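The structure appears right after this line, and notes come after that.
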Amino acid sequence: MSSTAPAADHAEASCPRFKGKRDEDVRHWLFQVERLCRINGHDATFDNDTLPSRVGTAMEEPASGCFTQDALAYFEAPNYQSVLRQKLWQLRQIGDIEEYNGKYSSLIFRAENMSVLDQVSYYCDDLKRASQAHIKLQNTTQLSEAMYMAVKYEMSHVGENRPRREKPEQQTKEGPVCFHGKKPGHIKHDCKQLKRKQGNEQPRR
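Be aware that the sequence shown starts at 1, since it is given in full-length UniProt numbering, and climbs by one per residue.
This is how it looks when you write it as structure tokens:
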């Protein structure tokens with residue numbers, strides 16, 4: 001009895017919890033539950049009647065019947081899929097490819113009735129221009145393949161689009177550079193050319 005109690009307590013503690021708050025995503029929670037079940041060797045398919053009994057405590061209220069469908073029907077907004085597609089359309093790659101892939105994956109796995117070609121199309125349209133052009137030329141029809149190609153392409157082109165900066169030794173090799181005359185060896189305060197110009201511009205009496 002004592003040997004099984006800690007294991008049960010650990011399983012209950014590690015099970016993700018969902019309380020139905022407005023900022024919670026029920027699909028993300030269902031995905032976590034399914035992943036946890038698979039890790040522990042349980043059947044996490046939708047037609048498995050044992051799934052509700054295993055995760056009912058995490059729901060903090062009884063669950064029965066078609067667990068996944070009931071949870072989505074109750075907690076998910078009617079226009080959820082429309083909002084989700086809008087988020088996919090608005091998503092843009094700003095940072096590195098790994099960050100973008102993570103954000104895209106977190107949205108796309110919740111989408112329903114979306115063809116693989118549409119998934120690839122949305123993904124490519126949100127990439128940076130250079131990566132987008134490269135992936136479209138490959139004419140891939142699989143999302144996982146497109147993601148792999150994008151990572152491989154960006155890893156092989158790191159730094160190509162960054163503005164080049166002069167080396168510190170080149171900047172200081174001939175001393176400070178005058179902001180006025182753009183010549184090395186002195187600063188603007190000591191620029192003879194600027195002083196002559198200022199002297200000529202003073203009004204004569």
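The beta-carbon is built from N, C-alpha and C at its ideal position, and this holds for glycine as well. Source: prediction; values computed, not measured.
From the options, residue whose alpha carbon lies closest to that of residue i
i: R92; options: N40, K128, E145, C191; result: K128
i: N113; options: W29, L36, Q32, L84; result: L84
i: I97; options: N79, P78, S156; result: S156
Buried or exposed by the 16-neighbour rule on C-beta atoms within 10 Å, applied to residue i
i: E154; result: buried
i: D126; result: buried
i: I39; result: exposed
i: Q193; result: exposed
i: L137; result: exposed
i: T50; result: Any reading at T50 must be qualified, since the residue scores a pLDDT of 48, below 50, and its modelled position is unreliable; the value itself is stated next. T50 should be labelled exposed.
i: R196; result: exposed
Inter-residue Cα distance where the pair is residue i and residue j
i: A5; j: P16; result: Residue confidence is low: A5 scores 49 on pLDDT, short of 50, so the model does not pin down where it sits. No coordinate-derived value is stated.
i: G95; j: K103; result: 11 Å
i: Q152; j: Q142; result: Residue identity differs from the one stated: residue 152 is Lys in this sequence, not Gln. Near 15 Å, if we compare the C-alpha coordinates of Q142 and K152.
i: S106; j: V33; result: 15 Å
i: F109; j: L88; result: 11 Å
i: N101; j: V158; result: 17 Å
i: residue 208; j: G41; result: Since the displayed the chain opens at 1 and closes at 205, residue 208 lies outside it and no answer follows.
i: M149; j: D118; result: 17 Å
i: Q86; j: P78; result: 14 Å
i: E99; j: S131; result: 14 Å
i: A133; j: C191; result: 50 Å
i: D25; j: I135; result: 31 Å
i: W29; j: C37; result: 12 Å
i: M147; j: R35; result: 22 Å
Supposed contact pair residue j and residue i - C-beta distance, whole angstroms, cut 8 Å
i: T140; j: V120; result: 7 Å
i: Q81; j: A111; result: 7 Å
Residue i Cβ short of 7 Å to the ligand SAM heavy atom set
i: Q86; result: This structure lacks the ligand SAM, and indeed carries no ligand of any kind.
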